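2 protein chains.
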Amino acid sequence: MSARNAFYAQSGGVTAVINASACGVIETARRHTDRIANVYAGRYGIIGALTEDLIDTSQESDESIAALRYTPAGAFGSCRYKLKSLEASKREYERLIEIFKAHDIGYFFYNGGGDSADTCYKISQLSEKLGYPVQAIHIPKTVDNDLPITDNCPGFGSVAKYIATSTLEASFDVRSMSKTSTKVFVLEVMGRHAGWIAAAGGLVEDHAIPVMILFPEIEFDQERFIAAVKDKVERFDFCTIVISEGAKYPDGRFLAEQGTRDAFGHAQLGGAAPVVANMIKDATGYKFHWAVADYLQRAARHLASKTDVEQAYAVGRAGVEFALAGHNAVMPMIKRLSNDPYAWEVGEAPLSEVANVEKFMPREFISADGFGITSACKEYLIPLIQGEDYPPFERGLPKYVTLKNLPVARKLAPFEL
Amino acid sequence: MSARNAFYAQSGGVTAVINASACGVIETARRHTDRIANVYAGRYGIIGALTEDLIDTSQESDESIAALRYTPAGAFGSCRYKLKSLEASKREYERLIEIFKAHDIGYFFYNGGGDSADTCYKISQLSEKLGYPVQAIHIPKTVDNDLPITDNCPGFGSVAKYIATSTLEASFDVRSMSKTSTKVFVLEVMGRHAGWIAAAGGLVEDHAIPVMILFPEIEFDQERFIAAVKDKVERFDFCTIVISEGAKYPDGRFLAEQGTRDAFGHAQLGGAAPVVANMIKDATGYKFHWAVADYLQRAARHLASKTDVEQAYAVGRAGVEFALAGHNAVMPMIKRLSNDPYAWEVGEAPLSEVANVEKFMPREFISADGFGITSACKEYLIPLIQGEDYPPFERGLPKYVTLKNLPVARKLAPFEL
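Protein chains in written order, with the working numbering: chain B, 1 to 417; chain S, 418 to 834.
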């Protein structure tokens with residue numbers, strides 16, 4: 001069997017460790033040049049494939065590729081560009097197959113969340129239908145931790161560690177100041193539909209911090225919430241609140257609705273923290289501070305979870321190994337073997353079962369009052385934030401790599417997106 | 418000379434390293450028990466002295482005191498409670514002297530910013546006037562870096578490192594996403610009057626990031642600002658903006674004015690980032706994300722600057738050494754000896770020159786267009802963020818200490834604040 005090329009693309013919101021998966025893919029491919037001649041990366045994700053804007057990763061040194069392991073965000077660029085059904089996006093899917101043919105691409109590695117799992121699955125179906133053989137492998141990535149089957153998603157452990165650490169640190173600050181100043185601190189975190197990231201804030205409860213979580217999964221009840229905040233402040237003198245950007249009123253309105261939507265039709269959120277902080281101030285008069293972590297949380301490679309980095313690398317490597325073993329339409333997944341000591345291995349999930357399924361917080365991970373996490377949830381979360389994996393620093397700042405990202409020569413006519 | 422007790426208090430907004438100064442004070446005092454019998458700490462700062470709510474630090478183990486070096490926020494509690502002139506706050510000042518007498522306190526260590534330097538100075542004056550000998554030493558602390566005479570303030574280097582790192586990481590994220598999604602990222606940072614913290618964001622320019630800074634020292638000119646943002650985005654496809662909470666319109670209004678004021682009469686700020694982000698969206702249509710770092714930045718001990726930790730400890734230790742040498746009404750300060758390699762030593766400043774002087778960014782540290790920092794500013798900042806000093810971690814989270822904070826028995830009648 002002669003060597004064919006691979007295509008790798010990053011999709012959707014980036015994470016602190018998606019480049020560690022890229023590193024796993026490229027380093028593993030480089031050990032099998034008899035089977036994988038070169039890895040082409042899509043510049044800005046799948047758009048790079050559609051527009052034939054391919055990056056020649058063979059132009060990057062081994063050192064640069066190794067540095068991806070500790071560099072956050074998407075080294076090749078990502079995009080929010082959703083391919084729809086095979087019928088509705090026929091033109092795009094067929095263009096992809098044309099590009100693969102033109103560049104002798106036999107392996108498609110798509111690194112993303114639920115939407116890209118769906119795209120990846122469709123490409124495998126189309127490749128079969130059109131008789132052009134491409135092995136389509138989905139590499140899981142999402143800070144939201146909302147993919148099914150896999151125990152957890154690479155990217156989540158690091159943002160969870162960042163949010164738990166930041167919640168702990170800010171809570172120590174509020175505790176110091178509570179006598180005359182701030183009594184309530186509100187931290188807004190990511191998580192449109194699933195409260196996994198917000199749940200990580202609940203881990204500080206074991207550090208004697210009175211903390212309340214507002215999950216997207218639990219309808220927001222203003223009266224019960226204010227009463228619970230007052231109770232905490234009366235008992236502890238202060239209270240920390242971690243709110244998911246996706247927290248909703250019973251009628252479905254987001255607390256933070258801004259009215260804009262992204263390319264996938266998802267509402268663009270932001271600003272739930274000041275809404276809740278002012279609500280508390282109005283009801284109780286407590287002084288407050290609030291923070292919105294936004295990109296800081298998912299880009300915080302300086303505080304990545306070692307477990308997460310290892311898993312991100314492992315799913316990248318496994319993706320290539322599955323492809324070399326002839327598998328198609330699959331996703332490497334994380335299987336938890338035990339909690340304490342934590343043990344895990346990489347398994348394999350069929351994409352037909354991954355695509356378009358969203359995994360929410362199970363109700364038994366949320367405390368009875370809806371404002372906290374249970375010990376089952378803590379047992380789930382703690383292994384995922386284990387270990388530190390600091391990047392190298394130079395002149396006081398992390399020494400992250402920026403690749404050359406040289407283009408592959410075009411062979412086809414331009415394509416209008 | 419028989420041993421007398423010392424009083425130590427934390428004042429104003431806490432930092433990632435104010436406890437490192439506490440550690441320097443207490444560890445040094447413990448090496449001189451012939452002169453300093455015990456260190457009493459004020460519970461919630463100077464309020465603890467006024468209300469005779471003293472903490473007996475001798476009840477804390479050496480290990481716990483050593484752990485203060487890597488624990489953020491104020492371990493004994495802090496407060497925002499400003500003593501005014503000797504006449505206007507006569508009752509409070511006299512009460513402090515009574516407390517000192519009752520508990521045989523001969524050393525007063527006040528760890529704070531400009532307001533507490535002023536209080537400390539007044540106590541030294543009053544002690545002289547009333548004939549009760551107290552050596553009053555101010556230990557500098559402020560994330561705002563706005564104290565005069567000292568080259569920099571302990572607390573600032575760590576927040577600068579955090580903001581520069583976070584700006585770098587989030588900028589990598591935006592750069593990844595800019596093709597179809599976010600083009601402008603706005604990060605709001607602390608700094609009411611002085612733009613030192615915002616300036617730290619400018620350090621990412623040397624990492625090929627198009628960054629703009631909005632300083633409190635430069636009047637905000639909306640038209641020029643929008644034009645500059647458009648220019649950056651047209652040239653680089655994205656742009657990062659770091660805005661100081663104290664950024665102001667030419668008429669003096671804060672971009673983020675919320676209308677509330679703290680105990681010192683300072684306007685309480687927050688929310689400049691969404692104001693600026695929406696302004697850009699309206700003028701250009703660019704997609705944006707914004708973050709407000711708030712307490713996360715000043716509590717982020719996990720990313721402290723090693724230089725800052727060492728200096729914070731050193732000024733605590735020097736404060737005790739100055740006191741033991743018989744000095745009064747002074748502040749240990751940082752003297753910069755050279756930039757590269759960076760060298761510094763602890764000097765001594767008279768409080769008469771420190772109190773009530775605020776140090777702003779010099780104009781020659783701000784670029785000609787007002788939106789960036791100069792190489793002189795970079796030369797100043799870079800040494801201050803040098804080195805990492807990670808806290809120990811346990812089960813995925815930093816292992817910070819919470820002290821027992823046992824009370825000293827009261828001897829006087831209650832005092833109404």
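Note that the Cβ used here is the ideal one computed from N, Cα and C, for glycine as well. Predicted model, so just to flag it, every value in this text is computed and none were measured.
Going by Cα to Cα distance, which pick from the options is closest to residue i?
i, options, result
"F215/B", "E94/B, E245/B and T165/B", "E245/B"
"C79/B", "L203/B, K90/B and G113/B", "G113/B"
"S452/S", "G523/S, I514/S, A617/S and P627/S", "The displayed chain sequence assigns Arg, not Ser, to residue 452/S. Nearest C-alpha to R452/S: G523/S."
"P550/S", "D535/S, F525/S, F573/S and D561/S", "F525/S"
"K698/S", "E765/S, I643/S, D668/S and V737/S", "I643/S"
"A617/S", "I46/B, R395/B and R410/B", "R395/B"
"F185/B", "A312/B, D237/B, P140/B and G195/B", "D237/B"
"I516/S", "L471/S, F637/S and S506/S", "L471/S"
"V646/S", "D638/S, F637/S and C656/S", "C656/S"
"I373/B", "Y249/B, Q311/B, V204/B and G271/B", "V204/B"
"H520/S", "F424/S, I626/S, K501/S and G612/S", "F424/S"
"D56/B", "F365/B, L403/B and E234/B", "L403/B"
"P815/S", "F172/B, A283/B and G285/B", "F172/B"
"R336/B", "Y81/B, C153/B and G45/B", "C153/B"
"G421/B", "A67/B, A413/B, S2/B and S21/B", "Here chain B has residues from 1 to 417 only, and residue 421/B is not among them."
"A41/B", "Q10/B, L86/B, K90/B and V276/B", "Q10/B"
"Y390/B", "M361/B, A49/B, K101/B and R69/B", "R69/B"
"P565/S", "K539/S, A611/S and A483/S", "A611/S"
"P422/B", "E353/B, S367/B, P392/B and Y342/B", "The structure shown does not extend to residue 422/B, since chain B spans only 1 to 417, so no value can be given for it."
Count the other CB atoms, across all protein chains shown, that sit within 10 Å of the CB of residue i; report buried if there are 16 or more and exposed otherwise.
i, result
"R363/B", "exposed"
"S755/S", "exposed"
"L419/B", "No statement about residue 419/B is possible, as the shown extent of chain B runs from 1 to 417 and does not include it."
"G669/S", "exposed"
"E640/S", "exposed"
"R235/B", "exposed"
"S375/B", "exposed"
"Y666/S", "exposed"
With 8 Å set as the bound, which would you pick, yes or no: does the beta-carbon of residue i sit closer than that to a beta-carbon of chain S?
i, result
"A314/B", "no"
"Q386/B", "yes"
"M177/B", "yes"
"F185/B", "yes"
"G112/B", "no"
"F393/B", "yes"
"G77/B", "yes"
"A208/B", "yes"
"L337/B", "no"
"E245/B", "no"
"E169/B", "yes"
"K403/B", "The sequence shown places Leu at residue 403/B, not Lys. Chain S contact via Cβ: absent."
"G155/B", "no"
"V320/B", "no"
"A22/B", "no"
For chain B, is any of its Cβ atoms less than 8 Å away from the one on residue i?
i, result
"E524/S", "Strictly speaking, residue 524/S in this sequence is Tyr, with Glu absent from that position. Chain B contact via Cβ: absent."
"W707/S", "yes"
"L814/S", "yes"
"R678/S", "Its pLDDT being 49, under 50, R678/S is placed unreliably by the model, and nothing is read from it."
"T536/S", "no"
"Y425/S", "no"
"T582/S", "yes"
"T597/S", "yes"
"V825/S", "no"
"R497/S", "yes"
"F671/S", "no"
"P691/S", "yes"
"P489/S", "yes"
For the region 284-298 of chain B against the region 693-713 of chain S, do three or more pairs of beta-carbon atoms, one drawn from each stretch, fall closer than 8 Å, so that the two count as touching? yes
Does the contact criterion of 3 or more C-beta pairs under 8 Å hold for the region 54-69 of chain B versus the region 572-580 of chain S? The region 54-69 of chain B, when compared against the region 572-580 of chain S, does not touch it at the 8 Å Cβ threshold.
Should the region 352-369 of chain B be regarded as contacting the region 172-181 of chain B, the criterion being three or more beta carbon pairs within less than 8 Å? no
Taking 8 Å as the cut-off, does the region 230-249 of chain B touch the region 188-196 of chain B (at least 3 CB pairs, one atom from each stretch)? yes
So, do the region 740-757 of chain S and the region 823-831 of chain S have three or more beta carbon pairs nearer to each other than 8 Å? no
In the region 590-657 of chain S, which residue ranges form an unbroken alpha helix (DSSP H) of at least 4 residues, counting only runs that do not cross its ends? 613-618 and 639-653
contact_flag[the region 499-516 of chain S, the region 715-726 of chain S] where n(CB pairs < 8 Å) is 3 or more: Contact between the region 499-516 of chain S and the region 715-726 of chain S is absent: fewer than 3 CB-CB pairs across the two stretches fall below 8 Å.
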